[in-house]
Structures are given as C-alpha cells and as structure tokens.
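If you read the sequence shown in the numbering used here, its first letter stands for residue 99, the second for the next number, and so on. In what follows, a single structure is set out as structure tokens and then discussed.
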Amino acid sequence: MKQQAEIRELKVNRYVIIDEEPCKITDIQTSKPGKHGEAKARIEAVGIFDNRKRSIVHPVTHKVYIPMIDKRSAQLVALNGKHAQLMDMDTYEMFELDIDDEELLPQLSEGKEVLFLEALGRRKITRP
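This is the structure in structure tokens:
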C-alpha cells in the first residue's frame, strides 16, 4: 500500500517511493523560488531492499508516493546458509527470506526472534 504526500511534507529518515522502490530519505535540500518559478526540492534517499542511492528533484508542491512500512517481529524457525524460514509472531504465517546482509548472518540462530519490515509486498530482516 502507498499514499500520496507533497514534497514539502517529507522529512529526513522518513520513506518515499523513487523508481517504484521504497527508499529512506537521507537528505532534503530546498532552493528559493525564482522570479517566475517555485521552490524546488532535491531529495536523496537509499533503497530499503537494494541499498542503492537515488535522488529526485521536483517543485515542493509536487506529490509523491509514500510506502506504508509495516514493522513486525518473527521467529527464526530454520536457517540454511543465506536462506531463512520465519514465522510471523502476530499472524503465525510461515515465510522464507534470503539474507543478503553479511553482517547480519552471524547474529542469527534458530529459535531467535528477529525484527523485519514489509513494504510493497516485499520483506527484509532489519535486526536480530
């Protein structure tokens, strides 16, 4: 799910969708309005799932989409290399995720509770 907001309403460490990818905003710079124009904002962000830097420049009244981020906890049922099987602690739904973060892998063990986020139908473990 996603909703719309004007660029002037966005803040650093919030989320925005750039190129159909949910991103966390790292920097916002605004320029003064010109003689016949309006103020523009440059937003720099990092993709949640792919960690790629992205930026957009639009007038501050331009509308952009904001992803609905759902942060939840899950129990790690099985761990096979970089492949994890998890159970959502609220809905008891079983699902599988690939772990791309090399620093996160040594901290995981079976039976441990982890935090994950879900946005636009995709999931990622954020911390053990």
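Here a beta-carbon is modelled for each residue, glycine too, at the ideal position from N, C-alpha and C.
- Of 114, 106, 138, 183, the smallest CA-CA separation from residue 206 is found for 183.
- Going by DSSP, residue 193 is part of the beta strand (DSSP E) stretching over 192 to 196.
- Rounded to whole angstroms, the separation of the alpha carbons of residue 186 and residue 221 is 11 Å.
- Apart from the 5 residues on each side of it in sequence, residue 156 sits with its Cβ closer than 6 Å to the Cβ of 105 in its chain, given in chain order.
- If you draw a 10 Å sphere on the C-beta of residue 110, you find fewer than 16 other C-beta atoms in it, and that means exposed.
- For the 8 Å CB-CB criterion, residue 139 and residue 114 do not form a contact.
- When the alpha-carbon of residue 126 is set against those of 154, 149, 150, the nearest one is in 154.
- If you look at residue 135, you'll find it isn't in any beta strand (DSSP E); DSSP assigns it neither H nor E.
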